[in-house]
Each structure stands twice: as structure tokens, then as C-alpha cells.
Amino acid sequence: MVYQEDYYAILGVPRNAKEEEIKKAYRRLARKNHPDVNPGDKQAEERFKKIQQAYDVLSDPKKRAIYDQYGFYSENLKEQPGGQGRGFRDGFDFGFDFSGMNFEQAGNSSFRDIFADLFGGSATRSRGNEPVKGEDLEHHLNISFMESIQGLSTRLTINRRNPCSACNGTGRNISAGQQVCSRCQGTGQETRAHGFLRFSGPCRDCGGTGRIGTRCAACGGSGTVPSQETITVRIPPGVADGYRMRVPGKGNAGINGGPPGDLYLIIFVRPHDFFRREGNDIICTVPITVTEAALGAKIEVPTIDGKTLLRIPPGTQSGQKFRLRGKGAPSIRGDMPGNQIVEVRVVVPKDLDERSKELLRELARLNPENPRASLPQA
């Protein structure tokens, strides 16, 4: 029996969580439990895998809808239009209308468990000789803040599966011929029972053909063999922390001539000592002197493109913010870049000589206003 954990609980979000809330929870947990951060910690590695699995389903609206309806997700579980419980993929005939049934109150032998048993198996077994797209792969890439702003080309070594040359990706020894499938005795159909229900559909071993070849010794019947490949990828300017980038055709090889899967790069951006990012805006804090704040000044401010002049008007207060238009991060979609927000912090001198103190006392006599006069009275 297959039992699937609560993906919402794994990510720590409510069942009605918005997409952005799920993404934030995933980023936080992925960083905390990433194998690079916890070397040798098997428990953290297992938690990381569960977090990945939960995010893969809940971040995809179609997968999430299936998970919300049945309490688990499998690639083999896909309803046809109409919303009824019959007519699922791979030709299974349940002979029973599931509409109106309460999946949560079906007892120990619940419909959730039934579907998990039926559709939880591997796609290669249930599809027989049908071409099957290869699995998608995921690779994490850590880059610096400035690399995320400017973009970069980098070489990655990935572990993927290529078609087995011995069997041309079929998983069967073609030269040895084919024999009658032992599971279905050549009928191409099999019947499975679960409690009082009986399910009839294509044979899981031969895919409905009734005949099956000898398992390929080179790949063990999988149709693919492990390999390492070094590829060059271009990370575009403006990627943010957690950005998911698709590299077409660089996932695992397909089965029976099916297309390869895709490679998905998850970008993690290391924090910068001076800049921080909010959307496409870049935020920084710049110190100024009491004199510059009081009298005004033009100061040099670092930006992602180098230094630029910022005018500080007389009477500037600590914490006041200024905007440098177009000096933020570039848009990954090609829109206008963000802005740079500069927050100034007035730095009061710590060590004063007697002359400086005298001048400040004179300043206080000339400007006797009380900045706390507007505070509420006790």
C-alpha cells in the first residue's frame, strides 16, 4: 500500500496557500536543508528530497489540483474531461462511477490507497512499447550577487541517463526475439482486484501487446544507462534568488524513442555585503556626516554600474531615502530595469575637541527648537 506524506505540512503552508507563499517556504527550507549546507547529514538530505518533491507538485497548478483531489500525485493519474471517475489514461476500465464518493471516509481500504496502488508504479512498465518522455532533472547553481545582475556563462557537469546503445533504448534484447508475456499469457490485458472492486486494463509488463522481449543485460531493462555530460549554460542578467531556468532536452533520455526530459536549474544567489534586492529594486544604506545632512552636499554612491553622484539636500534626516532611476536590477522579461533606493544614515562624530563642542553649543543656542515638542504628553 502506498501512503504519501502531506506536502503542505512538509513546506509548512496552509492548503489555500498562494503560489508566492509556497515559493518562499520552499526557498527557506531548501536553503536550510541543502546538502551543501549540511555535509554528511543524511536526515537533512532526506528532508531536502521531500521538500523538493513537495514543491514539484504544489508549484504546478495541474499537479496540485490532482493532489488536492486524491491526496497524492502520480504521473499515471490523469482524469479525462468531464470530472467523472472513469476513463483514466492507459485504458483502465473501472466499471464504476466514482462521482459523489467521499474519498476521505472510505475506511482502511480508501480510494486514495486504491489509486496509489494502481497508478504509483513506473511509467516504463505500464506503457509497454509506447514512446515515453524522459524524466526531468534538477540542478542547483550558486552564483554571486553581481553574477545574478550581469549574467554569466558557466560549465556544468551533470549526471543524466542516455539511451542504451545495446538495445536502442527499448530495454529489451531485440536479437533474442520476443516471447509470450507471462503476466497476461499473451492476451495483452490483466485484471486486478482491490476489495470488492475489479479493474481491467492493459498489461503492466507488455503494455497491451501480449509479447515481451528478453530484458537487456546492458541496461537492466530500463532502456537507459548512466552518463556524465559537461554542458555550457547562459544565465541571463537579472535572475533573482530561487529563479528556475529550463534547459530543454538535457534531462534523462526517453524510453522507446521518446524525447528526452529537460534540465531545470535552480539559482541560489549569495548575499552581497552592500546591496540587497527587493523585486528589481536594489537597496543600500550610505553614511553621511552631520554637516552634509545639515548643509547639503553631493556625494558618490556605489551602484551596480560603478559610482554615481547623489545630491543630498540641506536638512536631510537620517533614514531618508533617495531614488536613482534605472540603477536597479535588469528585468528578466526585458522590461525597464528597477531603481536603486539609497537610504542615508547620519553619522554623529564620537570624539570632539573643545572647539567643536563650543561650536555645537553655539549652534544649539541659535537653533533652540525642540524636535520632541510634538510627542504626546504622558
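For the sequence shown, the numbering used here gives the first residue as 280, with consecutive numbering after it. For each residue, glycine too, the CB sits at the ideal point set by N, CA and C. Being a predicted model, the structure only gives us computed values, none of them experimental.
Item: Out of R306, D320, P340, C443, point me to the one whose CA is closest to Q331's CA.; Value: R306
Item: Determine, using beta carbons only, whether A445 and A497 come nearer to each other than 7 Å.; Value: yes
Item: Which residue's Cα is closest to the Cα of F547: Y286, R310, K629?; Value: R310
Item: Would you say T493 and N452 are within 7 Å of each other, going by their C-beta atoms?; Value: yes
Item: With distances taken from CA atoms, which of Y346, P515, G450 is nearest P609?; Value: P515
Item: Using only alpha-carbon positions, find the residue among S461, Q457, V512 that is nearest to L435.; Value: V512
Item: Straight-line CA distance for N646 to I561?; Value: 37 Å
Item: Need the endpoints of the beta strand (DSSP E) that P523 sits in, please.; Value: As written in the sequence, residue 523 is Arg, which differs from the Pro given in the question. Segment 523-526, the beta strand (DSSP E) holding R523.
Item: Report yes or no: do three or more beta-carbon pairs, one from the stretch 421-431 and one from the stretch 535-551, lie closer than 8 Å?; Value: yes
Item: Would you say the stretch 567-582 touches the stretch 621-639, given that touching needs at least three Cβ pairs under 8 Å?; Value: yes
Item: P616: buried (16+ other C-beta within 10 angstroms of its C-beta) or exposed?; Value: buried
Item: With burial defined as no fewer than 16 other Cβ atoms inside 10 Å of the residue's Cβ, what is the status of I567: buried or exposed?; Value: buried
Item: Under DSSP, the alpha helix (DSSP H) around S506 begins and ends at which residues?; Value: Not the alpha helix (DSSP H): S506 falls in the beta strand (DSSP E), residues 503-514.
Item: Closest Cβ-Cβ distance between Y522 and chain B: below 7 Å?; Value: No chain B appears in this structure, which consists of one protein chain only.
Item: Give the straight-line distance between the Cα atoms of S501 and P293, rounded to the nearest whole angstrom.; Value: 38 Å
Item: Anyone know if the C-beta pair for T466 and R477 falls short of 7 Å?; Value: no
Item: Quick check: the Cα distance between K357 and G480, rounded to an integer number of angstroms?; Value: Confidence is the limiting factor: at K357 the pLDDT is only 49, short of 50, which leaves the residue's position unreliable and the question unanswerable from this model.
Item: With DSSP as the reference, please indicate the residues paired to G480 in a beta bridge.; Value: E469
Item: Can you tell me the Cα-Cα spacing of P410 and K328, whole angstroms?; Value: 28 Å
Item: Here's the rule I'm using: 16 or more other beta-carbon atoms within 10 Å means buried, otherwise exposed. How should R612 be labelled?; Value: exposed
Item: Over what stretch of residues does the alpha helix (DSSP H) that includes K302 continue unbroken?; Value: 298-312
Item: Within its chain, find whatever has a CB closer than 8 Å to the CB of S635; leave out the 5 residues flanking it on each side and keep chain order.; Value: P628
Item: Buried or exposed: P318, going by 16 or more other Cβ atoms within 10 Å of its Cβ?; Value: exposed
Item: At what residues does the alpha helix (DSSP H) containing Q331 begin and finish?; Value: 321-337
Item: Only counting the same chain, and skipping five residues up and downstream in sequence, which positions put a Cβ closer than 7 Å to that of R523?; Value: Y543, I545
Item: Are the Cβ atoms of D520 and G530 separated by less than 7 Å?; Value: no
Item: CA-CA distance, S338 and G291?; Value: 14 Å
Item: Grouping DSSP H, G and I as helix and E and B as strand, with all else coil, what is A573?; Value: helix
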